[in-house]
Amino acid sequence: MIIEKGEKMSIYNNYRPALSSEINMTPLIYVMLVLLIVFMVTLPVLNNAVKVDLPKTSGSADISEETKVDVSIDSHGQIYWDNKLISLPVLRTHLQEASVKNPQPEIALKSDRAVRYESVADFLAEAQSYGLNKINFVTSAQPVEK
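Under my numbering, residue 1202 is the last one in the sequence shown; the count climbs by one each step, no gaps.
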């Protein structure tokens, strides 16, 4: 059999791989292994999330009345210094005066249950900027179950 130029052998022209209806499992296995690794890595992170359940107190620490300052934040974020409504500049003046006292007064911070945490955090930042570190959070007493 002589093959002329431009002619191909018929054996190569008719060969086509047979079609298969089977699913190629290799990519599926790779995807499943990657998903398994992702879940194995993220599961411990999800389990270690911090759950905050605020405590109910039955007792309180005694604070000396002469070195105590009552600061209250109502549900609207307004600040009261010893039960008197004050503005932010007046608060800064009170904090400055308290920071130079010896000994520094202990601040008893009472915040309403509905107050935004941002208001409490802003007050704490202001107090700490003046060097006042003795800040106590006041809670309402809950009866102890026996």
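Where is the CB? At the ideal position from N, CA and C, for every residue including glycine.
Just grab the DSSP bridge partners of Val1127 for me. Per DSSP, Trp1137, Leu1165.
What are the boundary residues of the alpha helix (DSSP H) that Val1156 is part of? Taken as a continuous stretch (DSSP letters only), the alpha helix (DSSP H) holding Val1156 covers 1144 to 1156.
Pull up the distance between the alpha-carbon of Thr1149 and that of Val1171, whole angstroms please. C-alpha separation (whole angstroms): 23 Å.
If you pair each beta-carbon of the region 1131 to 1140 with each one of the region 1086 to 1097, do three or more pairs fall below 8 Å? Taking 8 Å as the limit for Cβ pairs, the verdict is that the region 1086 to 1097 does not touch the region 1131 to 1140.
Let me know if Leu1188 comes out buried or exposed under the rule of 16 or more other beta-carbons within 10 Å of its beta-carbon. By the neighbour-count definition (other C-beta atoms within 10 Å, threshold 16), Leu1188 is a buried residue.
Using a Cβ-Cβ cutoff of less than 7 Å, which residues in the same chain neighbour Ala1177 once the five nearest sequence positions on both sides are dropped? Apart from the 5 residues on each side of it in sequence, Ala1177 has no Cβ closer than 7 Å to any other Cβ in its chain.
If Asp1182 and Leu1147 are in contact, beta carbons under 8 Å, what's the gap, nearest whole angstrom? The sequence shown places Glu at residue 1182, not Asp. About 7 Å separates the two Cβ atoms, so the contact holds.
When you compare only the Cα positions, how much space is there between Ser1196 and Ile1129? Those two C-alpha atoms are separated by around 15 Å.
Between which two residues does the alpha helix (DSSP H) holding Gln1184 run? From DSSP, the alpha helix (DSSP H) with Gln1184 extends over 1173 to 1185.
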